[in-house]
Amino acid sequence: MKVLKFGGTSVADADQIRKVKDIIAAASGERIFVVVSALGGVTDLLIHAAELASARDESYVDQAREIEKRHLSTIKALLPITAQSGILSKVKTELNTLDTLLEGAYLIGETTPRLLDRIVSYGELLSSYIISEYLISEGLDARLKDGRELIITDENYGKANVNHAISEKMCRTYFSNSTEQITLIPGFVASSENGNSTTLGRGGSDFSAALIAGALKADSLEIWTDVSGMYTANPKLVKQAKAITHISYEEAMELSHFGAKVLYPPTIQPVLSKDIPIVIKNTFQPQDPGTTIERNKSENEKSVRGISHVPNICLLTLEGPGMIGIPGTSKRFFEVLSQAQISVVLITQASSEHSICIGVDEADAPQAEKLVNEAFAYEIEASRLKPVISEGDLAIIALVGDQMKSHQGLSGKMFSTLGKNNVNIRAIAQGASERNISAVIQRADVKKALNSLHETFFEENIKQLNLFVMGVGNVGSKLLRQIEKQHTYLRKNHRLNIRVIGISNSRKMLFDEEGIPLREWEERLSKGAKADSKLFFEQLKDLNYRNSIFVDNTASEQVAGTYENYLRNSIAVVTCNKIACSSELEQYSLLKDISRAYNTPFLYETNVGAGLPIIDTLKHLIASGDKVHKIQAVLSGSLNFVFNNFNENTTFAEVVKRAQEEGYTEPDPKIDLSGIDVMRKILILARESGYLLNIADISNNSFLPEESLAADTNEAFYLSLEKH
Ligand code: ADP
Ligand code: ASP
Ligand code: MG
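542 is the number of the first residue of the sequence shown in our numbering; add one for each residue after it.
Next comes the structure, spelled out in structure tokens:
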């Protein structure tokens, strides 16, 4: 005997319900209990309707119509016409009662928790009725049983506590007194001993199914949902996440407690004590193996099994000298919270006993803050404690794994990964079981943190680099071509996956969060938004990708002036533009200092010698204690070209023009011909060699006539070359 549970997306509409029927039909060789959720999204609609009604907002009626439409259209699409009328009229009667309840809330301007539970129970009551009628019409031996007659709770509406002894008895009695092959049960709903409808908390259908499986000692509990199991991280946020094939109860519990919504946390407890395996399967890809949750069955010896997060966290800190050495402060602190049924998600206390810091759901934070301030009013008044400090917009991110305790250095790896990606950590907790290491971070950093940690712990060390390329002229367009050509090689041999997320030239800019297909960048860029280097930076920062690199392929002074912003946000800068490195010594030193302080690369190898490894070589020489006495070099590719090709058959101006056409010169050829470019290179080489010079320390015997040097456009420049 087994129990199958189908979630909201699995029963969202007629097409999905047909797939569900196939799965049920295939499983019903033995007796099965099938628990269903409300049609996807209906619980939210019901809650929203109740909220509007109690706020005396008439548009609750629109929500009610939407709910009606969802159910009636499903019946019409699913059931044979001959069977429809009876079912439609029964559902309409139920919907009328729902309307009356909502109208009551509207008239009084209030929804009590008891009324709200009554209202939301309609989601599961209707879906289970419709699905049971459909199964019967398909010739299956199915029967509907109201979950409220099987699961008995207290009257803690919204998230009622189950009376396990009575509920087990009810389930067993029903089981032995019934004979149908398929018993269909609405999940999520229960009732109190007084017969009032209650619910088990959002996502609670999983729990209903587990309670029934536990009571009937089922062989297995199958949770059918819209993903192929429990993943190494939420697959909606981490593209590279993979389904875990085997996982222990404890690990699954830890992951679900810390946000892996695929399993409602209380689900494990009723089946764990009876050793009933839970199998999570995908309704839309039933052939996928899914995840099996069993006792101590961890696949291989992987230390970290999964990464999860809780999005809406607020940190509350109570601190002050009045806490030191005085027993009972923590007790009072936690007592007030527990009396108000506020659950504490995370606790940290520094060993000095100077402060206690807890993480609570953001929705509970204002009340928690008020209660704690009241409870410690005397101490706060006497300045022995400070009023509670509350910080919102936070999230918890947690690494989970049974084997973590036997591996050293995991937290080091976790925190250095987060640090490298500029994710600030507000608080840390490690459970005594060492099955979980959690950190509190800014909510805006969750996606980046999840992806970085996933890369560190699961992705065979393939590092993803996210490039933002500014300037796609001569150098930039070749760089893009090179990246495209070397992509497979770099992935295979250097374990680097390079994606170009943003491109800009002086006219247009383009972003694609999935990576710009490099074969079509020109076409895509031509349709991009208007270029704006400030917006480019803002967008890059907002995307908040890990391993972000800003690549400057321009020769622009204005772009060089933006590096500081990038580096300060832990975004690496790679540039062939010489302006920053040959700017005033102060500015150059500042960039180097920021790069060191933020541990963020600032690289400019191509500033001198194009593709030759000159700067890197110098750095190594200096690092190993060498002193550079002298450098002899011909540093200008453009001057080289000009002098090699200047002969009696050409004019000087013609040769320079050719050099420019063939890509040897800077966009402004005067920068090369005047010697300025060479000065910059000398300055950069000197600085890399440890000589902290300024451009004024370099003398330049330029061969250009004054008039050419003064030319302010390329045209004027060429005219003056011809003239002289
Ligand atoms: P159902 O309606 O079937 O109960 P839920 O929406 O409650 O489905 O749970 C499934 C969702 O859980 C997935 O679509 C996914 O977005 C989310 N989820 C979060 N973390 C994980 C994880 N680690 N593995 C799988 N799914 C996850
Ligand atoms: N329908 C309920 C909810 O949306 C219960 C569930 O789907 O598990 O929370
Ligand atoms: Mg769910």
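The beta-carbon is built from N, C-alpha and C at its ideal position, and this holds for glycine as well. For clarity, every value in this text was computed on a predicted model and none was experimentally measured.
- Put simply, the backbone Cα of Val1115 is about 16 Å away from that of Lys1082.
- For Ile867, no alpha helix (DSSP H) encloses it, and the DSSP letter there is neither H nor E.
- Distance from the CA atom of Arg655 to the CA atom of Asn737, rounded to whole angstroms, is 8 Å.
- In chain order, Leu940, Gly942, Phe998 place their CB closer than 6 Å to the CB of Val845, counting only its own chain and leaving out the 5 sequence neighbours on each side.
- Look at Asn637: its beta carbon is at least 7 Å from all of the heavy atoms in the ligand ADP.
- Considered as a whole, the segment 948-988 harbours 966-971, 977-983 as its complete beta strand (DSSP E) runs of no fewer than 3 residues, in chain order.
- At least one heavy atom of the ligand MG is found less than 7 Å from the C-beta of Lys802.
- In this model, Glu690 and Val632 are separated by some 20 Å (Cα to Cα).
- DSSP, read as helix, strand or coil, puts Gly1043 in strand.
- DSSP links Cys855 through a beta bridge to Val901.
- Taking C-alpha positions only, Glu1025 is separated from Trp1062 by approximately 11 Å.
- Rounded to whole angstroms, Arg559 and Leu619 show a C-alpha spacing of 8 Å.
- No residue range can be given for Met542, since it is assigned to no beta strand (DSSP E) and is classified by DSSP as neither H nor E.
- By the CB criterion at 8 Å, Ser595 and Gly650 fall inside the cutoff.
- Annotation for Gly549 indicates a beta carbon within 7 Å of some heavy atom of the ligand ADP.
- Taking a C-beta distance under 8 Å as the contact criterion, Gly1043 and Val1016 do not qualify as a contact pair.
- If you look at Glu1203, you'll find it isn't in any alpha helix (DSSP H); DSSP assigns it neither H nor E.
- Not one heavy atom of the ligand ADP is found less than 7 Å from the C-beta of Ala923.
- At least one heavy atom of the ligand ASP sits closer than 7 Å to the Cβ of Thr584.
- Annotation for Ser761: the continuous beta strand (DSSP E) segment containing it runs 761-766.
- Rounded to whole angstroms, the gap between the alpha carbons of Ser551 and Ala985 is 30 Å.
- Counting only the Cα atoms, Ala970 lies some 24 Å from Gly863.
- Non-local C-beta neighbours of Leu813 in its own chain, meaning closer than 6 Å and more than five positions away in sequence, comprise Tyr790, ordered along the chain.
- Under the three-pair Cβ rule at 8 Å, the segment 767-778 does not count as touching the segment 675-692.
- By the beta-carbon neighbour count (other beta carbons within 10 angstroms, threshold 16), Met542 is exposed.
- For Asn963, the CB contacts under 6 Å within the same chain, skipping 5 residues up- and downstream, are Ser1111 in chain order.
- Between the segment 1126-1138 and the segment 1246-1253 there are fewer than three inter-stretch CB-CB distances shorter than 8 Å, so the stretches are not counted as touching.
- Uninterrupted alpha helix (DSSP H) stretches at least 4 residues long and entirely within the segment 1041-1087 occur at 1062-1067, 1074-1084, given in chain order.
- Using a C-beta cut-off of 8 Å, the segment 820-830 makes no contact with the segment 864-878, since fewer than three inter-stretch Cβ pairs fall below that distance.
- In the structure shown, Pro727 adopts extended strand secondary structure according to DSSP, grouped into three states.
- The straight-line gap separating the alpha-carbon atoms of Ala1200 and Ser1179 is approximately 6 Å.
- The segment 1173-1188 and the segment 1208-1221 touch, with three or more beta-carbon pairs separated by less than 8 Å.
- Here DSSP, grouped into helix, strand and coil, assigns Asn702 to coil.
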